[in-house]
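Notes follow the structure.
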Amino acid sequence: MHQLPTVTPFFADKQQLLSEILGRYPNYGQRSALMPLLWEVQRAERHVSEARVAEIAEILGLHATEVKGAMSFYGTYHEHPVGRYHLQVCRTLSCALAGADEMADFLEDELDLVNGETDAEGRFSLQFVECLGSCGTAPVLQVNDTYFERVSRSRCRALVDAMRRDALPEPTRERGGDNEAAEPAVATEGGAT
Amino acid sequence: MSDVLDAPKPITSRFDPRFETTLYAHVGAAGSHTLAYYQAHGGYEAARKALGMEPKAVVDEVKASGLRGRGGAGFPTGVKWSFMPPVDGRQRFIVCNADESEPGSFKDRYLLEDDPHQLIEGMLIAGWAIHATKGVIYVRGEYYHALERMRVAIEEARAAGILGTGVLGSGFDFDLILHRGAGAYICGEETALMNSFEGLRANPRLKPPFPAQAGVYGLPTTINNVESFCAAVHVMRRGAAWHAAMGTDDSKGMKLYQVSGPVARPGVYELPMGATFRELIFDLAGGPTESAKALIPGGSSTPLLPWSEATLDLPMDYGTMAKHGSMLGTGGVIVIPEAKCIVDAFYNVVRFYAHESCGKCTPCREGVATWLPKMYQKLLAGQGTREDLVVMEDMVKNMRGTAFCPLADACAMPVQASFKHFRHEYEHLVDTGTSMYPRRREWAE
């Protein structure tokens, strides 16, 4: 696969990160770095372009089509950029029993998007997804990598308004069940520094 | 055998004074995810104990505990560990399946987020037991918060000499690779997970060879669920007899059950195996908030049970669920309200499996991923016929046991159960063109 000449390689100035990722895996298993490399690109660029696919293939000594083949297997790698706020609505049974279909309808109306679309401004993408493992705190709305749980109509409306002002609030972690305690999701992030 | 007759009655209720929570005891406590908290609460004592024993003795202890895999299949954990071939100098792997994605299941997420060191300790014990110096934790892509908590916990453990060369002052080297998945249910199937980890498309592999013979990179591998590793910690800390004193004949120890749907307090609850649905749904979760007609016992792939006093009194264990035509699965109970159309509910379930089919096998690609959802759409559009119902039943019958991996079965079994117990709702829909229970507003204001 030829290198597209106009594109600066993503990892050109990230050699340390690259060797850290490759270093996680044994010499005979370097191909395991495929998914982490895709994730790095996507987190930074909100999608993985053809040029990045080719770059990752070259890093791993694969054909681009092998990288594309693996990438296309998964629902969470994007070929086209998603919006700044990628809204993922879980519609599977437990969330559906808590009103997820209505939340999906509400977001379609409110954002004037249908499932899979991104708005012209690049602010919102809307995607309906399957079970996010938040059945006890349904319905759940995932915004980029963050879960917002027990999203009622009023909470959903407030979230959308906040994102329109680029003021997404910190989520509250909720559990339900044993040891129910809500806590700020980020403030308690601790451990080794 | 008089000692058997005199033996104390096994613990099968959360309200038995001898029961105390272990797996989930620290979830929700401030700072429970840190090494300092974990060590202040007895953390890594079980690993030290295991490292002082012969690996085979650790396997025997887990065997004697009666622990069965908590990921859904319920295979005896110690027996699985004993399948590893003799040590021959090749690298061996212990893999944690943290690709939790069976609808109705959400226990592993809280273990990963709020007690990551418990998992590290469990994997360390398992690694020692099977002579594996490398571990892999495969976390589903959406669990980003869990992934970050695990990443920090692994760094903490390395800095404290709990992972790396000569762990905990022993001669044993052990380290972990944390790997992020990308949203594919099929990666919960162990061989698909391994392909995914290797950077391949996540199609399941042919078995045999089983992972113990040819797993990650073709090397000897053992793979267990998050909760199974965590349970192993408590088996080592308190002994096999302590674990085996809980539960029923074929189901020992404690289990994280989950309950979702319209109940007062949905969530994760730790109970001894063999506790009843009534104890989970009423005593702990506060009971249904509206009239219920069925429950799904262990994640959406497990056949539903009609709601009745008798059902509620069933012990939630492997054997009882099998006897009643279902499975314990992940212990993820979903309560289905009277007012929810069964056809609509199971279209939802089918849509999930259709989305997650990898497309490798014909029965699954054509049945699960293509025709079954189309048939449901036809019914729900009021266009179905009685003949369609016969075709659907025939179709799901032909999906049973005919695909490479259990995904087709996971879709077919719950559909079959919905026909068995609620065929009248399907018939009402095709006969009248309208559902017995029209869609209603369910979203909280």
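In the order they appear, the protein sequences are chains G and Z.
Okay, so the first sequence: first residue is 1 according to the numbering used here, each after it adds one.
Okay, so the second sequence: first residue is 1001 according to the numbering used here, each after it adds one.
C-beta: ideal position from N, C-alpha, C; glycine also.
Since this is a predicted model, take the numbers as computed values, not measurements.
**OP:** Could you tell me whether the Cβ of Pro-1272(Z) comes closer than 8 Å to any Cβ of chain G?
**Re:** For Pro-1272(Z), the answer is no, since every Cβ of chain G falls outside 8 Å of its Cβ.
Original post:
Does the beta carbon of Glu-1393(Z) sit closer than 8 Å to a beta carbon anywhere in chain G?
Top reply: Glu-1393(Z) does not count as touching chain G.
Original post:
Under 7 Å Cβ-Cβ, which residues of chain G neighbour Asn-1348(Z)?
Top reply: Thr-92, Leu-93 and Ala-96, listed in chain order.
Original post:
Does any residue of chain Z bring its CB to less than 8 Å from the CB of Asp-109(G)?
Top reply: For Asp-109(G), the answer is no, since every Cβ of chain Z falls outside 8 Å of its Cβ.
Original post:
So the beta strand (DSSP E) Ser-1260(Z) belongs to, where does it begin and stop?
Top reply: 1254–1260 is the span of the beta strand (DSSP E), which, as asked, contains Ser-1260(Z).
Subject >> Bounding residues of the beta strand (DSSP E) (the contiguous stretch that carries Gln-127(G)) >> reply: Element bounds for Gln-127(G): 124–129.
Original post:
Using 8 Å as the threshold, is the region 1429–1444 of chain Z in touch with the region 1367–1384 of chain Z, meaning 3 or more CB pairs across them?
Top reply: The region 1429–1444 of chain Z vs the region 1367–1384 of chain Z: in contact.
Original post:
Whose C-alpha, out of Arg-1014(Z), Ile-1186(Z), Arg-1068(Z) and Asp-1344(Z), is nearest the C-alpha of Ser-94(G)?
Top reply: Of Arg-1014(Z), Ile-1186(Z), Arg-1068(Z) and Asp-1344(Z), the residue nearest in Cα terms is Asp-1344(Z).
Original post:
In chain order, what residues of the same chain have a beta carbon less than 8 Å from the beta carbon of Thr-1248(Z), not counting five sequence neighbours either side?
Top reply: Closer than 8 Å at Cβ, skipping near neighbours: Pro-1010, Thr-1012, Met-1273, Gly-1274, Pro-1315, Asp-1317, Gly-1319 and Thr-1320.
Original post:
Among residues of its own chain, excluding the 5 on either side of Pro-1337(Z), which ones have a beta-carbon nearer than 6 Å to its beta-carbon?
Top reply: Taking C-beta separations shorter than 6 Å and ignoring five residues to either side along the sequence, the partners of Pro-1337(Z) in its chain run Pro-1262, Glu-1290 and Ala-1292, following chain order.
**OP:** Check the C-beta distance from Ile-1296(Z) over to Phe-1422(Z) and give it rounded, since I have them as a contact under 8 Å.
**Re:** 13 Å between Cβ atoms; not a contact.
Subject >> Cβ shell of Cys-1361(Z) (< 6 Å), same chain only, five flanking positions each side left out >> reply: Once the five neighbours on either side are set aside, the close Cβ partners of Cys-1361(Z) are Ala-1403 and Phe-1404.
**OP:** Enumerate, from N- to C-terminal direction, the unbroken beta strand (DSSP E) stretches of 3 or more residues contained entirely within the region 1295–1366 of chain Z.
**Re:** Runs of the beta strand (DSSP E) inside the region 1295–1366 of chain Z: 1332–1337.
Original post:
Any Cβ of chain Z within less than 8 Å of the Cβ of Ala-187(G)?
Top reply: Summary for Ala-187(G): the model assigns pLDDT 40, below 50, so the residue's position carries little reliability, and this model does not support an answer.
Subject >> Own chain residues within Cβ distance below 7 Å of Val-1087(Z), not counting five before or after >> reply: Cβ within range, chain order: His-1131.
Original post:
Taking the Cβ atom as the reference point for each residue, do Ala-210(G) and Ala-138(G) lie within a distance shorter than 8 Å?
Top reply: Past the edges of chain G, shown from 1 to 193, lies residue 210(G), and the structure says nothing about it.
Subject >> Closest by C-alpha distance to Ala-1181(Z), when choosing among Asp-101(G), Ala-44(G), Ala-70(G) and Arg-46(G) >> reply: The sequence shown places Gly at residue 1181(Z), rather than the Ala named in the question. The shortest C-alpha to C-alpha distance from Gly-1181(Z) to any of Asp-101(G), Ala-44(G), Ala-70(G) and Arg-46(G) is the one to Ala-70(G).
Original post:
What first and last residue would you give for the alpha helix (DSSP H) that runs through Gln-15(G)?
Top reply: According to the DSSP assignment, Gln-15(G) belongs to the alpha helix (DSSP H) that extends over 15–23.
Subject >> Secondary structure of Ile-1162(Z), DSSP reduced to three states >> reply: In the structure shown, Ile-1162(Z) sits in coil (DSSP, three-state: anything other than H, G, I, E or B).
Subject >> Residue of Gln-30(G), Ala-12(G), Ser-152(G) and Arg-164(G) minimising C-alpha distance to Trp-1443(Z) >> reply: Nearest Cα to Trp-1443(Z) within the set Gln-30(G), Ala-12(G), Ser-152(G) and Arg-164(G): Ser-152(G).
**OP:** Under 9 Å between beta-carbons, which chain Z residues line up against Asn-237(G)? List them in chain order, please.
**Re:** This structure leaves residue 237(G) out entirely; chain G is present only between 1 and 193.
**OP:** Could you tell me which chain C residues have their CB closer than 8 Å to the CB of Pro-1103(Z), listed as they occur along the chain?
**Re:** Note that chain C does not occur in the displayed structure, where the protein chains are G and Z.
Original post:
Val-143(G) bridges to which residues according to DSSP?
Top reply: Leu-87(G) and Thr-146(G), per the DSSP bridge assignment.
Original post:
Identify the residues that DSSP records as bridge partners of Glu-1270(Z): which are they?
Top reply: When beta bridges are read from the DSSP output, Glu-1270(Z) appears opposite Leu-1256(Z).
**OP:** Report, in whole angstroms, the separation of the C-beta atoms of Ala-1126(Z) and Asn-1203(Z), which I expect to be a contact under 8 Å.
**Re:** Cβ atoms of Ala-1126(Z) and Asn-1203(Z) stay farther apart than 8 Å, at about 26 Å.
**OP:** Provide the residue(s) that pair with Phe-1093(Z) in DSSP beta bridges, ordered along the chain.
**Re:** Note: Phe-1093(Z) sits in a beta bridge opposite Lys-1134(Z) and Thr-1221(Z).
**OP:** For Gly-190(G), decide whether its Cβ has a neighbour in chain Z, counting only Cβ atoms nearer than 8 Å.
**Re:** Annotation note: pLDDT 37 at Gly-190(G) (below 50); position unreliable, no value reported.
Original post:
For the candidate residues Ile-1334(Z), Leu-1304(Z), Val-1335(Z) and Ala-1339(Z), whose alpha-carbon lies nearest to that of Ala-1322(Z)?
Top reply: Comparing Cα positions, the closest option is Leu-1304(Z).
Original post:
For Ser-1418(Z), which of helix, strand or coil comes out of DSSP?
Top reply: Reduced to three states, the DSSP call for Ser-1418(Z) is helix.
**OP:** Mark Leu-1067(Z) as exposed unless 16 or more other C-beta atoms lie within 10 angstroms of its C-beta, in which case mark it buried.
**Re:** The residue in question, Leu-1067(Z), is buried, as its Cβ has 16 or more Cβ neighbours within 10 Å.
Subject >> Residue(s) in a DSSP beta bridge with Asp-1175(Z) >> reply: For Asp-1175(Z), DSSP records a beta bridge to Lys-1134(Z).
Original post:
Is it buried or exposed for Arg-1439(Z), if we count other Cβ within 10 angstroms and need 16 for buried?
Top reply: Exposure of Arg-1439(Z) is indicated by the presence of fewer than 16 other C-beta atoms within 10 angstroms of its C-beta.
**OP:** Determine, using beta-carbon pairs with one atom in the region 1350–1369 of chain Z and one in the region 1030–1041 of chain Z, whether at least three such pairs fall under 8 Å.
**Re:** No contact exists between the region 1350–1369 of chain Z and the region 1030–1041 of chain Z.
Original post:
Is the number of C-beta pairs between the region 76–84 of chain G and the region 31–49 of chain G that are closer than 8 Å three or more?
Top reply: Yes: at least three Cβ pairs fall under 8 Å.
Original post:
Quick one: does the C-beta of Ser-134(G) sit closer than 7 Å to a heavy atom of the ligand NAD?
Top reply: This structure simply doesn't include the ligand NAD, nor any ligand for that matter.
Subject >> Best match in His-1179(Z), Ala-1047(Z) and Asp-1006(Z) for proximity to Ala-1231(Z) [C-alpha to C-alpha] >> reply: For Ala-1231(Z), the closest alpha carbon among the candidates His-1179(Z), Ala-1047(Z) and Asp-1006(Z) is that of Ala-1047(Z).
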